[in-house]
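Enquirer: Supplied in structure tokens, the structure appears directly below.
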Amino acid sequence: MTSRLPTGPLALDPNYALDHKYNHKGFMFNTPEGKRIADITRWHAAEIRQALHDAFNSSIIGVNSEVTFFRNLLHSVSVNLHGLRLPGIKFHCRVAETHQKPRVKVKNPKNFSCELADLLMVIKYRQGVEVLERSSIFYQVKLCDRGSRKCSIDADQLELLCDWPEFDFGLLQNGGPRTYTIHPRTLEFGSYLLMLRNPTREESVTCKSHYCHVDSYGVAPHALSVQRLGPQTVEISNFPYTMNASEAFFSHVAMETGENHIWNSPVDDLVNALYRHLGLDPDPPGEFDGFTGRPAEDEPGFAILEITVEEEEGVENLNVTIAEKMKNPVKGNVVFSEEKKKKIWASYQQVREQKLHLKQGQR
5 MTSRLPTGPL
15 ALDPNYALDH
25 KYNHKGFMFN
35 TPEGKRIADI
45 TRWHAAEIRQ
55 ALHDAFNSSI
65 IGVNSEVTFF
75 RNLLHSVSVN
85 LHGLRLPGIK
95 FHCRVAETHQ
105 KPRVKVKNPK
115 NFSCELADLL
125 MVIKYRQGVE
135 VLERSSIFYQ
145 VKLCDRGSRK
155 CSIDADQLEL
165 LCDWPEFDFG
175 LLQNGGPRTY
185 TIHPRTLEFG
195 SYLLMLRNPT
205 REESVTCKSH
215 YCHVDSYGVA
225 PHALSVQRLG
235 PQTVEISNFP
245 YTMNASEAFF
255 SHVAMETGEN
265 HIWNSPVDDL
275 VNALYRHLGL
285 DPDPPGEFDG
295 FTGRPAEDEP
305 GFAILEITVE
315 EEEGVENLNV
325 TIAEKMKNPV
335 KGNVVFSEEK
345 KKKIWASYQQ
355 VREQKLHLKQ
365 GQR
């Protein structure tokens, strides 16, 4: 088994190129140590992809309920990754779930209230006790309507995840609402997990790009893509440039996607508030009074899935990791030569320049 090259928003997505509001920060890191952890993570792509692929498959095959899939997925990802040790890195997972879904209040360009999302996925890169990088994506989870491959989409929540209008969530110490003005630099910050309902092992999503594998049971499009192909309903096999669900999770773990908090302090403030809401951080009494709601029947609550990739002690450069991998080969693992690595990064740079050219040409 060989690893495909990492995929992510650097691929030539015309939907991405047409959008002028976002300045993608993919492959930008706060520290060289963070970039090194990302490199090591991508070198272990085969093992990590398999762990995530297995988690999704075991969570959705034969499952007819969004709530059951959601809880299965949180459990399976945590079981498959927590404690996983690969040469140079090790994984830690934390999961917190609540039935009190966070709800936000939007006043402009129109008044509405909606749930924020079903899942906040946070990736951390850590060296010792120091967190070097922190990146997040919000996901709304949907199973296809019964007897079809179409998912119904809530218009208000789609507007939130796509456009991120100014909204209120939580209370300040003086009792007034806390207002958030979010300007994501990445399209994927607001995304969907769109899954087949009750699939058999033989079924799969037929995708229109190389992203989806034949044994995939769902896709993870960003909200702007859902808006353009919907907006009331979307056929999950119609997204032309969308990764399958487990590949989207891997891309985030490798920090090819996701909103880096270092570059966006309002996002950091919102994520910190949600950590307080779920009790992962201390919660001032009454901070979220009036900003939560019970989910409808067969709808999941809200959860945070935190995956931390920690660099092992003694890994000071990538050659150490390569040497360890050569001494202790793992099934499915691929060791790249220096020449191969140079070719990989050269190809990424070429794609990056092509995307930049496309984006500038649309202005």
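Be aware that the sequence shown starts at 5, since it is given in our numbering, and climbs by one per residue.
Don't be surprised by glycine CBs; every beta carbon is placed ideally from N, CA and C.
Every value quoted in this text rests on a predicted model; they were computed, and no experiment measured them.
Given a cut-off of 8 Å on the beta-carbon distance, is the pair Lys-109 and Phe-171 in contact?
Expert: The residue labelled residue 109 in the question sits at position 105 within the sequence shown. The residue labelled residue 171 in the question sits at position 167 within the sequence shown. Cβ distance < 8 Å, so Lys-109 and Phe-171 count as in contact.
Enquirer: Taking 8 Å as the limit between beta carbons, can you name the residues of its chain near Asn-76, skipping five residues before and five after?
Expert: Position 72 of the sequence shown, counted from the first residue, corresponds to residue 76. Excluding residues within five positions, the ones whose Cβ falls inside 8 Å are Ser-62, Ser-63, Ile-64, Val-67.
Enquirer: Grab the span of the alpha helix (DSSP H) containing Leu-120 for me, first residue to last.
Expert: Counting from 1 along the sequence shown, the entry for residue 120 is found at position 116. Neither: Leu-120 is in no alpha helix (DSSP H) and is coded neither H nor E.
Enquirer: Taking Leu-56 as the reference, which of Glu-251, Ile-44, Glu-310, Asp-285 has the closest Cα?
Expert: Taking the sequence shown and counting its residues from 1, one reaches residue 56 at position 52. Of Glu-251, Ile-44, Glu-310, Asp-285, the residue nearest in Cα terms is Glu-251.
Enquirer: Are Gly-305 and His-79 touching if we call contact CB-CB under 8 Å?
Expert: For this step, residue 305 is matched to residue 301 along the sequence shown. For this step, residue 79 is matched to residue 75 along the sequence shown. No. Outside cutoff.
Enquirer: Is DSSP giving Val-324 helix, strand or coil here?
Expert: Residue 324 sits at position 320 when you count from the first residue of the sequence shown. Unreliable placement is indicated for Val-324, whose pLDDT of 47 sits below 50; no coordinate value is reported for it.
Enquirer: Are there 16 or more other CB atoms within 10 angstroms of the CB of Gly-151, so buried, or fewer, so exposed?
Expert: Numbered from 1 along the sequence shown, position 147 holds the residue referred to as residue 151. Under this definition Gly-151 is an exposed residue.
Enquirer: Give every residue of the same chain whose Cβ lies closer than 6 Å to the Cβ of Thr-312, excluding the five residues on either side of it in the sequence, and list them in chain order.
Expert: Position 308 of the sequence shown, counted from the start, is the residue given in the question as residue 312. If the five residues before and after Thr-312 are omitted, its C-beta is found closer than 6 Å to the C-beta atoms of His-96, Lys-128, Arg-130, all from its own chain and listed in chain order.
Enquirer: Skipping 5 residues on each side, what residues in its chain have a beta carbon closer than 6 Å to that of Val-99?
Expert: The residue labelled residue 99 in the question sits at position 95 within the sequence shown. Closer than 6 Å at Cβ, skipping near neighbours: Leu-78, Ser-82, Leu-309.
Enquirer: Between the stretch 273-286 and the stretch 47-54, do at least 3 Cβ pairs fall closer than 8 Å?
Expert: no
Enquirer: Just to confirm, are Ala-42 and Ala-258 a CB contact at a threshold of 8 Å?
Expert: Working through the sequence shown from its first residue, we reach residue 42 at position 38. Working through the sequence shown from its first residue, we reach residue 258 at position 254. Going by C-beta atoms, Ala-42 is nearer than 8 Å to Ala-258.
Enquirer: Is Ala-59 closer than 8 Å to Tyr-84 when the C-beta atoms are compared?
Expert: Stepping through the sequence shown from its first residue, residue 84 is reached at position 80. Stepping through the sequence shown from its first residue, residue 59 is reached at position 55. Correcting the residue type first, residue 84 is Asn in the shown sequence and not Tyr. Contact: yes.
Enquirer: Quick check on the DSSP output: the alpha helix (DSSP H) that includes Pro-419 runs from which residue to which?
Expert: With the chain covering only 5 through 367, there is no way to say anything about residue 419.
Enquirer: Nearest-angstrom Cα distance between Lys-39 and Ala-307?
Expert: By 1-based counting over the sequence shown, the position of residue 39 is 35. By 1-based counting over the sequence shown, the position of residue 307 is 303. Straight-line Cα distance between these residues: approximately 28 Å.
Enquirer: Give the DSSP-derived three-state secondary structure of Leu-78 in the structure shown.
Expert: On the sequence shown, position 74 is the one that residue 78 refers to. Of the three classes helix, strand and coil, the one that applies to Leu-78 here is helix, per DSSP.
Enquirer: Just list the residues that DSSP pairs Lys-109 with in beta bridges.
Expert: Mapped onto the sequence shown, residue 109 falls at position 105. In DSSP, Lys-109 forms a bridge with Ser-117, Asp-172.
Enquirer: Does Ala-258 come out as helix, strand or coil in the three-state DSSP assignment?
Expert: Within the sequence shown, the letter at position 254 stands for residue 258. In the structure shown, Ala-258 sits in coil (DSSP, three-state: anything other than H, G, I, E or B).
Enquirer: Spatial neighbours of Asp-149 within its chain, please: CB distance less than 8 Å, with the 5 preceding and 5 following residues excluded, ordered by chain position.
Expert: Position 145 of the sequence shown, counted from the first residue, corresponds to residue 149. Cβ within range, chain order: Cys-155, Ser-156, Arg-201, Thr-237.
Enquirer: Alpha carbon to alpha carbon, what distance is there between Glu-207 and Leu-124?
Expert: Working through the sequence shown from its first residue, we reach residue 124 at position 120. Working through the sequence shown from its first residue, we reach residue 207 at position 203. Per the coordinates, the alpha-carbon of Leu-124 lies some 28 Å from the alpha-carbon of Glu-207.
Enquirer: Which whole runs of the alpha helix (DSSP H) in the stretch 122-203 are 4 residues long or more, in chain order?
Expert: 159-167
Enquirer: Could you say which of Val-71, Arg-205, Arg-53, Gly-180 lies nearest to Leu-88 if we only look at CA atoms?
Expert: Taking the sequence shown and counting its residues from 1, the one referred to as residue 88 is at position 84. Cα-wise, what sits closest to Leu-88 is Arg-53.
Enquirer: Considering only DSSP beta bridges, list what Ile-44 is partnered with.
Expert: Taking the sequence shown and counting its residues from 1, one reaches residue 44 at position 40. DSSP output for Ile-44 lists no bridge partner at all.
Enquirer: Per DSSP, Phe-306 forms a beta bridge with which residues?
Expert: To locate residue 306, count along the sequence shown from 1; it is residue 302. Paired residues: Thr-102.
Enquirer: So for Phe-243, helix, strand or coil by DSSP?
Expert: In the sequence shown, residue 243 corresponds to position 239, counting from 1. Phe-243: coil per DSSP, three-state reduction.
Enquirer: Please list the terminal residues of the continuous alpha helix (DSSP H) segment that includes Arg-53.
Expert: Here residue 53 refers to the residue found at position 49 of the sequence shown. Unbroken alpha helix (DSSP H) run through Arg-53: 49-64.
Enquirer: Going by DSSP, what residues sit across from Glu-315 in a beta bridge?
Expert: The residue labelled residue 315 in the question sits at position 311 within the sequence shown. Note: Glu-315 sits in a beta bridge opposite Ile-93.
Enquirer: Going by DSSP in three states, Thr-72 sits in which element: helix, strand or coil?
Expert: Against the sequence shown, residue 72 aligns to sequence position 68. Correct three-state label for Thr-72: helix.
Enquirer: Determine the burial state of Pro-188: buried for a count of at least 16 other Cβ atoms within 10 Å of its Cβ, exposed for fewer.
Expert: Counting from one through the sequence shown, the residue named residue 188 turns up at place 184. Looking at its Cβ environment, which holds 16 or more other Cβ atoms inside 10 Å, Pro-188 is buried.
Enquirer: Looking only at DSSP bridge pairs, what is Val-83 linked to?
Expert: Here the question's residue 83 lines up with position 79 in the sequence shown. Beta-bridge pairing links Val-83 to no other residue.
Enquirer: Suppose you measure from the CA of Leu-191 to the CA of Val-223; what does that come to, to the nearest Å?
Expert: Here residue 191 is taken as the residue at index 187 of the sequence shown, counted from 1. Here residue 223 is taken as the residue at index 219 of the sequence shown, counted from 1. Near 15 Å, if we compare the C-alpha coordinates of Val-223 and Leu-191.
Enquirer: If we ignore side chains and look at the alpha-carbon of each, how far apart do Trp-168 and Leu-162 end up?
Expert: One-based indexing of the sequence shown puts residue 168 at position 164. One-based indexing of the sequence shown puts residue 162 at position 158. Taking C-alpha positions only, Trp-168 is separated from Leu-162 by approximately 9 Å.
Enquirer: Cα separation between Asn-34 and Glu-137?
Expert: Counting from 1 along the sequence shown, the entry for residue 34 is found at position 30. Counting from 1 along the sequence shown, the entry for residue 137 is found at position 133. Taking the straight line from one Cα to the other gives about 7 Å.
Enquirer: Indicate the three-state DSSP secondary structure (helix, strand or coil) for Asn-332 in the structure shown.
Expert: Against the sequence shown, residue 332 aligns to sequence position 328. Note on Asn-332: pLDDT 44, under 50, position unreliable in the model; no value is reported.
Enquirer: Within 10 Å of its beta-carbon, does Glu-119 have 16 or more other beta-carbons around it, so buried, or fewer, so exposed?
Expert: Here residue 119 refers to the residue found at position 115 when the sequence shown is read from its first residue. Buried is the call here.
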